[in-house]
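Before any comments, here is the structure.
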Amino acid sequence: MSRKIKVITAAIVVTVLIWLGAMPFGAIEIIRCYGDIDNDAYVTTMDARIALMVSAGIYETGLYGLDYEAADIDGDGNVTTVDARLILRTAAGQIEKKYMEGYEFDTQPEEFTELINDYRFEQDRKSIRLTMSPELCEAAELAAQEYATKTGSALVREDGSYYFKLLEEMGIECTLADKMITSASFGYAQAADKLFDDAQSQKAIMNKDFRKIGVGAYSTDGRTFYWCVIVTD
């Protein structure tokens, strides 16, 4: 990649440094317990309230995927007042927490890209759709792992070089690039929403010069995931 690359200041939504032991690179198991609907690592009365609202059909945002499964604590396929009571008893310590098993993390890059493109179109009907690049996804995954386990910086790598050096090392050619990092749960939709809410990330997402996108994520504990998005021309 040419040294003439124009580097845009990397957008970063989280600023805390991460100095935790790394999980092996590859498949990451999601750590989640039944009843923890809001995925904050605790089963609380708030979770019971959400389950009650879902059972009554008045929870506006709805529950999907693992969030719904976490709410269905009795495992009958539906979220009912029974689940709400069981979650409340779990929050009170009357029932031991039970962890969900067999779930591996997936960035779902195609779906993530679709959300980004939908956002671009909503903001500007003339925007060009970004193309998901497997090579950029690989770079983003490596960058996310490096951020979570070594640097805590969206701008520089472990050796002090700027983030675009990774693209050069991987043979990804571009003259314009930007990088965004945010912390979220395992769900790609939450990660995308956090980027949409960040002013600097919005600028990168809406930049008309970008044509390709890659997304990756990494977690050291199976709960908090550090999502990295790289866009290039």
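Residue numbers (this note's numbering): 353 to 585.
Where a beta carbon is used, it is the ideal one built from N, C-alpha and C, also for glycine.
Going by C-alpha distance, which of the options is nearest residue i?
i: I468; options: E381, Q554, D573 and A569; result: Q554
i: D585; options: W579, K560 and Y570; result: K560
i: I389; options: A408, I439 and I382; result: I439
i: V581; options: D549, I410, T465 and E453; result: T465
i: G539; options: D419, Y451, G523 and A491; result: D419
i: G523; options: D550, A491, Q542 and K546; result: A491
i: W579; options: E525, K517, D511 and S505; result: S505
i: S479; options: I557, T576 and G566; result: I557
i: F562; options: G454, M398, A569 and R481; result: R481
i: F577; options: A443, D424, D511 and N391; result: N391
i: A544; options: K449, M398 and P461; result: P461
i: A541; options: V406, Y471 and T442; result: Y471
i: D399; options: A408, G409, E421 and A443; result: A443
Where does residue i fall in DSSP's three states?
i: I557; result: helix
i: A506; result: coil
i: K517; result: helix
i: Y471; result: helix
i: G566; result: strand
i: F457; result: coil
i: K531; result: strand
i: E448; result: coil
i: Y536; result: The sequence shown places Ala at residue 536, rather than the Tyr named in the question. Note: A536 maps to strand in three-state DSSP.
i: V583; result: strand
i: T432; result: coil
i: E525; result: coil
i: R437; result: helix
i: T501; result: helix
i: T465; result: helix
i: T397; result: helix
i: Y386; result: coil
i: Y578; result: strand
i: E412; result: coil
Any idea if residue i is buried or exposed, counting beta-carbon neighbours within 10 angstroms, 16 or more meaning buried?
i: D435; result: buried
i: G417; result: exposed
i: Q497; result: buried
i: P486; result: exposed
i: S513; result: exposed
i: I647; result: The displayed coordinates of the chain run from 353 to 585. Any statement about residue 647 would go beyond what the structure contains.
i: Y515; result: buried
i: R477; result: exposed
i: F473; result: exposed
i: L507; result: exposed
i: E493; result: buried
i: D573; result: exposed
i: Y451; result: exposed
i: A551; result: exposed
i: T432; result: buried
i: D549; result: exposed
i: G454; result: exposed
i: D511; result: exposed
So residue i and residue j are in contact, right, with Cβ under 8 Å, and what is the actual spacing, rounded?
i: S571; j: F457; result: 7 Å
i: Y411; j: I402; result: 6 Å
i: T459; j: K564; result: Actually they are not in contact, since the Cβ atoms of T459 and K564 sit about 16 Å apart, beyond 8 Å.
i: I383; j: R575; result: 5 Å
i: A495; j: G568; result: 7 Å
Quick check: the stretch 423-442 against the stretch 527-543, are at least 3 beta-carbon pairs closer than 8 Å? no
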